[in-house]
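Numbering that gives the first Met the number 0 puts the first residue of the sequence shown at 0, with every later residue one more than the last.
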Amino acid sequence: MHKVVETRVPGPCPSCNTQIEYLYTTENIPYFSDILIISAICPACGYKFVDTQLLKHGEPARHTLAVESAGDLSVRIVRSMSASIEIPELGVRIDPGPQCQGFVSNVEGVLDRIEEVVKGALRWGTDVEKENAAALLADIVKVKAGMFPVTVILEDPCGNSGIESERVVEEKYVPPEE
Ligand SMILES: [Zn+2]
């Protein structure tokens, strides 16, 4: 059973202090941890907040998944705001930051997000950046076709992220010192 529980919590908007509602949605997914999605939109200033977290983890963890076929594209990924995602074969790393929202997606969704960012570089980048962007887009097409195996590495110092696959390798993650 896929169960969804919603709770509304009032709180001030971090941007303009208007009293707004934060929506806490808990999703229960079989064979996977509960997922908490916290979201809010401020009607006064347009501030948007989304974070997603796994509820049953808690230890700093690194999750590694070998993406080897087109079938792996549907593997579900929960990324909290504190997590980074790296695909070394593509030279891509998404670091946590204030602009970076948490999400529940799958491998294909993560590739789509990277594609969007890279397409921006195609429009506004220098010649070298445009060349690199075009090469990266071509590689992403191959990954999606299952012709270019890559590794997805999800690191979360708060342990609230995860990859839903039997083949995922989980290990303790020691965050680098500042
Ligand atoms: Zn606001």
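C-beta atoms are modelled at their ideal positions from N, C-alpha and C, and glycine is treated no differently.
Pairwise C-alpha distance: residue j and residue i
i: alanine 39; j: threonine 17; result: 12 Å
i: glutamate 169; j: alanine 60; result: 7 Å
i: glycine 145; j: proline 174; result: 31 Å
i: cysteine 157; j: alanine 82; result: 8 Å
i: alanine 137; j: aspartate 111; result: 13 Å
i: cysteine 12; j: aspartate 71; result: 39 Å
i: threonine 67; j: cysteine 44; result: Position check: residue 67 holds glutamate in this sequence, whereas threonine was assumed. If you take the alpha carbons of glutamate 67 and cysteine 44, they lie about 44 Å apart.
i: methionine 80; j: threonine 125; result: 30 Å
i: lysine 118; j: threonine 51; result: 26 Å
i: valine 116; j: serine 14; result: 25 Å
i: serine 73; j: glycine 90; result: 22 Å
i: aspartate 155; j: isoleucine 93; result: 12 Å
i: isoleucine 162; j: proline 148; result: 17 Å
i: cysteine 41; j: isoleucine 34; result: 23 Å
i: valine 109; j: glutamate 5; result: 26 Å
i: histidine 62; j: glutamate 114; result: 22 Å
i: glutamate 176; j: lysine 129; result: 34 Å
i: glutamate 107; j: threonine 150; result: 13 Å
Cβ-Cβ distance between residue i and residue j below 8 Å
i: phenylalanine 102; j: arginine 78; result: yes
i: isoleucine 152; j: glutamate 85; result: yes
i: isoleucine 76; j: serine 104; result: yes
i: leucine 64; j: valine 127; result: no
i: leucine 195; j: asparagine 159; result: Given that the chain is displayed from residue 0 to residue 177, the structure contains no residue 195 and the question cannot be resolved.
i: tyrosine 23; j: isoleucine 37; result: yes
i: lysine 143; j: alanine 69; result: yes
i: valine 3; j: glutamate 26; result: yes
i: alanine 133; j: leucine 121; result: yes
i: lysine 171; j: glutamate 58; result: yes
Cβ-heavy atom distance, residue i to ligand 3, below 7 Å
i: alanine 120; result: No copy of ligand 3 appears in this structure; the ligands present are ligand 1.
Run through the region 67-101 for me and flag every whole beta strand (DSSP E) of 3 or more residues, listed as ranges in chain order.
75-78, 83-86, 91-93
To test your reading of the DSSP string, which unbroken beta strand (DSSP E) runs of 3 or more residues are found completely within the region 107-132?
none
In chain order, which beta strand (DSSP E) runs of at least 3 residues are fully inside the region 2-37?
2-11, 18-27
Got a list of residues with beta-carbon closer than 5 Å to any non-hydrogen atom of ligand 1, in chain order?
Cys12, Ser14, Cys15, Thr17, Cys41, Ala43, Cys44, Tyr46
Fully enclosed by the region 140-173, which beta strand (DSSP E) runs are 3 residues long or longer?
149-155, 161-163, 168-171
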